[in-house]
Amino acid sequence: MRIKILIRLKSQILEPQGKVIEKSLSNLGLKNLNNIRQGKLIELDIPDKFSKEERDELITSACKKLLVNEIIEEYEVLG
Amino acid sequence: MSFKSAVITFPGSNCDRDALVYLKALTNGEVLNIWHEENSLPNVDLVIVPGGFSFGDYLRSGAMASKSKIINDLINHSKKGGYILGICNGFQILSEIGLLKGALIQNKRLKFLGKNCFIKKRYQSDFNCLINKDQVLKIPVAHNEGNFYCDDSDLKYLHDNELIAFEYCEGKFSNSIANINGSIDNIAGITNKDKNILGMMPHPERAFQNFHSSQDGKLILESLLS
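Protein chains in written order, with the working numbering: chain A, 1 to 79; chain B, 80 to 305.
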């Protein structure tokens, strides 16, 4: 099963790349694209034989141990 | 008594050699270089976690290095009261391990900063005891992710326990600003609660020889040796 994990900086933390992207889009005439924030997406495969509980445990463990720094980031499993 | 020290090298470390030269020049004991895949550290007084781009800074700066084999024994070393100095990427690695509070995020103005900066002591520890209050040190920085962030409760913890070792300040260049990278409270370096671990973004090992533009970096190691 293909899993997608979306990782983003917490909302209270400045994400300066998003600000620059927003300005560049505006310079291209693409207005009204506001509050842009850039995050990262991690995709991975988990064997289909795993139960939902096993899958959740493995993903949570991967996120907490390495993929996400919860001081500055939050994550969401997109399924 | 001789002072033994070691520098850990990760793939992508690029200040390990400078750190070794810094230690060899200023200490009177054995200086060892340890590969990150080693299981244990030798019995030393100080371990430097050097700057660079360990593991290409993939995922986050210092994230991969913080899971290296040697880290378990680095944690043991800290628990025994041994000194650890993390410089630049080393500071990021110590934060990722959780030995220091907070995290280092991208510089506010999105620029890699490679220049001299000015810092002064905020609270006293063994790493800055020879530095006078309000004495301004000129030490270079070279980082893209040096913007220190922590939440309000951790910031209070850092102040209440007097764990902020160094803060950026204005220097003698007319265009020098105190907050070069967006760090909360101008924080340039912090210690852990026991004050045996220091993480700092500026590079003292690039400011001690006569041909360097400053020799102020000596004061940090000399403080530790005093």
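Glycine included, C-beta positions come from ideal geometry on N, C-alpha and C.
Proximity to residue i [Cα-Cα], best of the options
{"i": "A/Val77", "options": "A/Ser51, A/Ser11, A/Asn69, A/Ile42", "result": "A/Ile42"}
{"i": "B/Gly91", "options": "B/Val128, B/Asn118, B/Ser119, B/Phe82", "result": "B/Val128"}
{"i": "B/Asn186", "options": "B/Ala104, B/Gly296, B/Glu224, B/Gly278", "result": "B/Glu224"}
{"i": "A/Lys64", "options": "B/Ala85, B/Ala286, B/Gly177", "result": "B/Gly177"}
{"i": "B/Leu120", "options": "B/Ile149, B/Asp295, B/Pro283", "result": "B/Ile149"}
{"i": "B/Leu237", "options": "B/Leu298, B/Lys158, B/Arg201, B/Tyr247", "result": "B/Arg201"}
{"i": "B/Tyr228", "options": "B/Asp264, B/Asn195, B/Cys248", "result": "B/Asp264"}
{"i": "B/Phe197", "options": "B/Lys217, B/Phe206, B/Gln203, B/Asp205", "result": "B/Lys217"}
{"i": "B/Gly130", "options": "B/Asp124, B/Ala144, B/Leu234, B/Glu117", "result": "B/Ala144"}
{"i": "B/Ser84", "options": "B/Asn93, B/Cys94, B/Leu99", "result": "B/Leu99"}
{"i": "B/Glu117", "options": "B/Leu138, B/Ile87, B/Ser293", "result": "B/Ile87"}
{"i": "B/Asp136", "options": "B/Gly296, B/Phe290, B/Phe89", "result": "B/Phe89"}
{"i": "A/Leu6", "options": "A/Lys49, A/Arg37, A/Pro47", "result": "A/Arg37"}
{"i": "B/Asn207", "options": "B/Ile243, B/Cys94, B/Arg285, B/Asp231", "result": "B/Ile243"}
{"i": "B/His282", "options": "B/Lys272, B/Ser157, B/Ser293, B/Asn275", "result": "B/Ser293"}
{"i": "A/Gln110", "options": "B/Phe134, B/Asp230, B/Asp273", "result": "Past the edges of chain A, shown from 1 to 79, lies residue 110 of chain A, and the structure says nothing about it."}
{"i": "B/Ile311", "options": "B/Ser232, B/Gly296, B/Glu284, B/Asn155", "result": "Past the edges of chain B, shown from 80 to 305, lies residue 311 of chain B, and the structure says nothing about it."}
{"i": "B/Asn195", "options": "B/Gln171, B/Cys248, B/Lys158", "result": "B/Cys248"}
CB-CB length for residue i against residue j, believed under 8 Å
{"i": "A/Ile71", "j": "B/Gly169", "result": "About 18 Å separates the two Cβ atoms, so there is no contact after all."}
{"i": "B/Met280", "j": "B/His222", "result": "6 Å"}
{"i": "B/Ser302", "j": "B/Leu209", "result": "4 Å"}
{"i": "B/Leu164", "j": "B/Leu125", "result": "6 Å"}
{"i": "B/Gly250", "j": "B/Asn226", "result": "No, B/Gly250 and B/Asn226 are not in contact; Cβ-Cβ is about 19 Å, not under 8 Å."}
{"i": "A/Arg8", "j": "A/Glu57", "result": "No, A/Arg8 and A/Glu57 are not in contact; Cβ-Cβ is about 23 Å, not under 8 Å."}
{"i": "B/Ala286", "j": "B/Asp295", "result": "5 Å"}
Counted within 10 angstroms of its Cβ, other Cβ atoms place residue i as buried (16 or more) or exposed
{"i": "B/Ile184", "result": "buried"}
{"i": "B/Tyr162", "result": "buried"}
{"i": "B/Val110", "result": "buried"}
{"i": "B/Phe132", "result": "buried"}
{"i": "B/Glu246", "result": "buried"}
{"i": "A/Thr60", "result": "exposed"}
{"i": "B/Glu175", "result": "buried"}
{"i": "A/Asn34", "result": "exposed"}
{"i": "B/Asp95", "result": "buried"}
{"i": "A/Glu53", "result": "exposed"}
Worksheet item: Which residues, in chain order, does the stretch 176-193 of chain B contribute to contact with chain A at a C-beta distance below 7 Å?
Response: Gly181, Ala182, Ile184, Gln185, Lys187, Leu189
Worksheet item: Looking at chain A, which residues of the stretch 122-152 of chain B have a Cβ within less than 9 Å of any of its Cβ atoms?
Response: Leu138, Arg139, Ala142, Met143, Ser145, Lys146
Discussion item. Short of 9 Å Cβ to Cβ, which residues in the stretch 229-262 of chain B face chain A?
Written reply: Cys229, Asp230, Asp233, Gly261
Item to complete: Check each residue of the stretch 21-55 of chain A: if its Cβ is closer than 7 Å to any Cβ of chain B, include it; give the result in chain order.
Response: none
Worksheet item: For the stretch 30-49 of chain A against the stretch 93-110 of chain B, are there 3 or more C-beta pairs whose distance is under 8 Å?
Response: no
Fill in: Three CB pairs or more closer than 8 Å across the stretch 206-221 of chain B and the stretch 188-197 of chain B
yes
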